[in-house]
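Counting from 1, position 318 in the sequence shown corresponds to residue 318 in full-length UniProt numbering; the numbering is continuous, with no gaps.
Glycine is no exception: its CB is placed at the ideal position from the N, C-alpha and C atoms.
Bear in mind the structure is a predicted one, so any value in this text is a computation, not a measurement.
Everything below concerns the one structure shown next.
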Amino acid sequence: MYLPVSSLYLRSLTLRSICVSQIRSSSTVANSVLPKSKSGGRDEYLKRMEQFSKNLKQVANKSKDAKKVKFKKNSKNSKRKNQNSTQKKPNRSKPLVEQQHSFKLPHGSKSSTEKGEEDIVSDVLVPQAILFLQAKAPVLKDIPQLAHDLDKVLFSPGVHFLKDPRTRIFNFTPYLDKIRPYEEFDSSKFPGFVSASKDDSLLQEAIKRNKTYYSSTSSMTLTLIQFYLLLNNYDPSAEHRFNFPQFTRNVRNLPLTVFVEPKGKNAKGKTVYSVTSDKSTDVEILLLALGHCLEALLTTEENEFAHYLVAEQSEKNKTIEKGSNSDANEPEDKAANIYNYLACGGFLMRSQLDCYDSRLPGNGTFDLKTRAACAIRYDQSPESANTGYKICKIAGNLESFEREYKDLIRTGGLLKYGFQARIGQMDGIFVAYHSVNSFSGFQYLPLSEIDKVFFSDENLQKHIELSFTPEDILKNDNIASYVAENQFKVSLTIWQKIMNLVAEDFKGTEYENLPYRLVTKRYTKWLPSQTVHKSAGNQESFLRVFAIPLVGDRIDKLQNFPSRFKTSFRENLTAAERLENLTKAEEELNALNMEVVEDVPILCYQVRVNNLLNPTKNCHVGKHPYPRGVGLDHGWKYRIQRENGEVPVKERYGELMRLAASVLTMGSRMALSNKGNDITHMVRRYGEVGRLRDEEWENQKQERKETP
């Protein structure tokens with residue numbers, strides 16, 4: 001049952017305007033799945049959302065009119081003060097970008113320092129009215145399926161060892177116990193990755209459906225993590241809300257950068273943009289290259305996989321030279337990448353579909369991920385590929401699946417997997433844990449379980465257990481997914497609004513229709529303790545977003561920057577040589593990042609959000625409350641304001657870019673660290689422990705053979 005938001009509560013909020021999706025649009029509603037209402041079907045639900053939106057708008061207009069009256073009075077007082085003042089004051093009406101450059105904001109754009117409500121883009125979003133549409137359904141029969149009897153993992157929760165560590169009895173084929181070196185895979189047999197900016201089919205699909213932005217999961221997920229930190233006011237000290245291993249400093253502190261490029265016009269004459277990840281800090285690592293090969297291995301039977309090895313290709317060539325017909329039983333190469341296309345508002349999102357099983361809920365698709373053990377991830381030296389490190393325990397700080405799962409959470413990997421599954425409309429994620437030379441075990445994580453990790457609240461769970469009726473307990477079983485999906489919709493919509501504002505600010509200038517760099521970073525502001533309710537936390541989150549136009553060939557310089565340095569795992573480099581090259585790359589990237597802003601303006605915005613749930617329907621108070629149940633009507637208010645603070649925009653941008661570039665050398669410096677208690681040295685010691693375990697097992701096996 002949908003409960004209306006209290007109008008008395010909403011009247012206390014200052015709102016500028018209401019932004020609600022065109023929920024009657026036939027192109028959006030067509031194949032969407034709408035929430036079910038006890039009191040009616042889809043038509044009644046749409047009527048409820050329309051009425052709810054009208055109520056919000058009426059309250060917003062009243063607040064807006066009241067504020068205008070107050071603003072006029074303040075303006076008159078300000079004029080009187082200015083007339084009496086004889087000292088000429090500096091012009092503060094221009095935003096900082098205008099003071100630093102000759103750039104002029106287009107007519108109609110307002111500075112963040114002009115008083116009154118017109119300096120802020122302020123809207124309310126109703127998540128229930130923001131709908132998803134599967135823009136283009138995939139051909140399910142073309143999607144690979146799991147091989148080697150791995151499909152039984154899909155229907156058995158928990159981790160499954162490849163072989164029992166106590167008895168060494170295999171639970172799956174021994175074929176997976178030995179992973180061939182990367183050099184033995186024929187990479188030409190596997191389809192390559194196509195970035196969104198170079199995907200003409202995706203562009204044409206966006207034009208066909210009158211979308212403004214299109215992107216791929218790999219380009220979107222890290223920005224969505226920034227929105228997660230914002231919307232949830234992430235604070236690890238709030239254990240009732242974030243009862244999972246604390247995110248690493250990289251997740252909390254690193255900015256996220258994408259490129260937004262104009263690619264054409266849609267039928268409405270509006271510019272269509274691609275949104276692509278910034279590759280300037282990319283380094284080709286073994287794990288990424290090997291991952292594609294391992295995914296193919298997990299979906300190809302043993303008797304067919306030899307086709308994808310270099311040695312097999314050499315044998316085939318010899319056979320052809322002898323005149324034999326070797327193509328009779330030749331398995332086909334892997335099909336081209338299969339995609340799902342999801343539309344939301346002005347966004348069209350592409351997601352690669354790795355696997356399919358008709359027995360799973362929904363469309364039966366799921367993502368396939370290969371996850372290297374911590375001994376590989378923490379040790380970036382070339383020797384790490386030959387580690388003896390074993391995952392042989394369920395729980396424990398090292399050598400355990402518990403360690404790997406916690407690291408998956410801490411590094412943001414699991415949250416990223418969740419976003420990828422949601423964009424692809426998948427059921428979940430199949431994770432294959434390995435140590436480069438051998439698989440250790442397998443686990444299937446439904447999207448609903450991933451949601452429970454990041455979008456649950458212990459306070460609510462206790463309240464449900466103590467106070468809810470059996471019917472309400474059942475109804476709220478999936479409240480974490482309800483919250484996750486609503487926040488996903490809000491994130492996408494605000495992201496679009498930010499890019500729309502950037503386009504509006506560049507309109508009518510020399511930077512109109514140029515590609516630009518969009519840098520996003522979540523910040524926190526500490527609140528006075530006397531103004532904070534004990535359940536609301538002592539910080540407020542906001543996003544700071546930078547937009548930098550890229551003139552000439554600057555976008556190519558940035559995207560092709562990694563190719564200028566020998567840093568790839570393919571290069572025959574020592575750890576010290578690789579670090580030397582990466583250090584030089586970091587220095588030159590810092591210089592390039594400042595070079596691209598020498599003669600162009602930097603637009604800077606702040607984004608703040610507030611959940612408009614009725615306080616009586618929340619688990620706790622504050623700007624980021626958690627709903628007390630599924631199906632409660634609510635809205636999200638957000639504000640986007642141009643920033644003109646004490647710290648110059650270019651200086652703040654430079655700090656963020658230096659922080660982003662530091663990831664180039666971070667891992668290599670750790671690998672060469674001489675600290676005895678460093679995690680890198682710890683996993684190296686346990687690599688030796690793994691070799692000793694193998695020797696001990698072989699000795700025991702030999703003794704059993706010799707014993708009569």
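Just to confirm, is the Cβ distance from residue i to residue j under 8 angstroms?
i	j	result
L445	R422	no
L353	T365	yes
D407	C374	yes
R410	F247	yes
F430	L368	yes
residue 714	E540	Residue 714 lies beyond the residue range present for the chain, which begins at 1 and ends at 708; the question has no answer from this structure.
N363	L140	yes
V376	P138	A small correction: the amino acid at residue 376 is Ile; Val does not occupy that position in the sequence shown. Contact flag unset, no.
V260	P549	no
S351	N340	yes
Helix, strand or coil for residue i per DSSP?
i	result
V551	coil
F542	strand
Y626	coil
residue 745	As displayed, the chain neither begins before 1 nor continues past 708, which places residue 745 out of reach and without an answer.
H634	coil
H434	strand
C392	coil
K369	strand
Q134	strand
P262	strand
K270	coil
K141	helix
K64	A caution first: K64 carries a pLDDT of 48, below 50, which makes its placement in the model unreliable, though a value can still be read off. K64 falls in the helix class under three-state DSSP.
S662	coil
F347	strand
R639	strand
Using the beta-carbon count (16 or more within 10 Å), is residue i buried or exposed?
i	result
G418	buried
P174	exposed
W697	exposed
K650	buried
R241	buried
V483	buried
D123	buried
W526	exposed
residue 754	Limits of the chain in this structure are 1 at one end and 708 at the other, which puts residue 754 out of reach.
K701	exposed
N243	exposed
Work out the CA separation of residue j and residue i for me, nearest whole Å.
i	j	result
K270	Q496	14 angstroms
K584	Q145	44 angstroms
L150	A289	22 angstroms
V647	T300	56 angstroms
K198	V597	25 angstroms
I679	F565	28 angstroms
F569	I285	5 angstroms
E302	N253	44 angstroms
P262	Q559	16 angstroms
M426	D142	16 angstroms
C344	L131	6 angstroms
V545	E643	9 angstroms
A480	R403	24 angstroms
S435	G424	28 angstroms
L664	L582	6 angstroms
P627	Y182	49 angstroms
S668	D553	31 angstroms
S201	T217	16 angstroms
K393	K637	47 angstroms
E449	L342	22 angstroms
R639	T469	38 angstroms
G264	I555	17 angstroms
G690	V630	48 angstroms
> Is the number of C-beta pairs between the stretch 126-145 and the stretch 488-495 that are closer than 8 angstroms three or more?
Replying inline: yes
> Are there three or more Cβ pairs, one per stretch, closer than 8 angstroms when the stretch 390-405 is compared with the stretch 677-691?
Replying inline: yes
>> Counting beta carbon pairs with one atom in the stretch 494-508 and one in the stretch 211-224, are three or more of them shorter than 8 angstroms?
In response: yes
> Should the stretch 431-446 be regarded as contacting the stretch 158-167, the criterion being three or more beta carbon pairs within less than 8 angstroms?
Replying inline: yes
>> Within 8 angstroms, do at least three Cβ pairs link the stretch 271-285 to the stretch 186-196?
In response: yes
>> With three or more beta-carbon pairs closer than 8 angstroms as the criterion, would you say the stretch 461-477 touches the stretch 598-611?
In response: no
> With contact counted as at least three CB pairs below 8 angstroms, one residue from each stretch, are the stretch 227-244 and the stretch 169-186 in contact?
Replying inline: no
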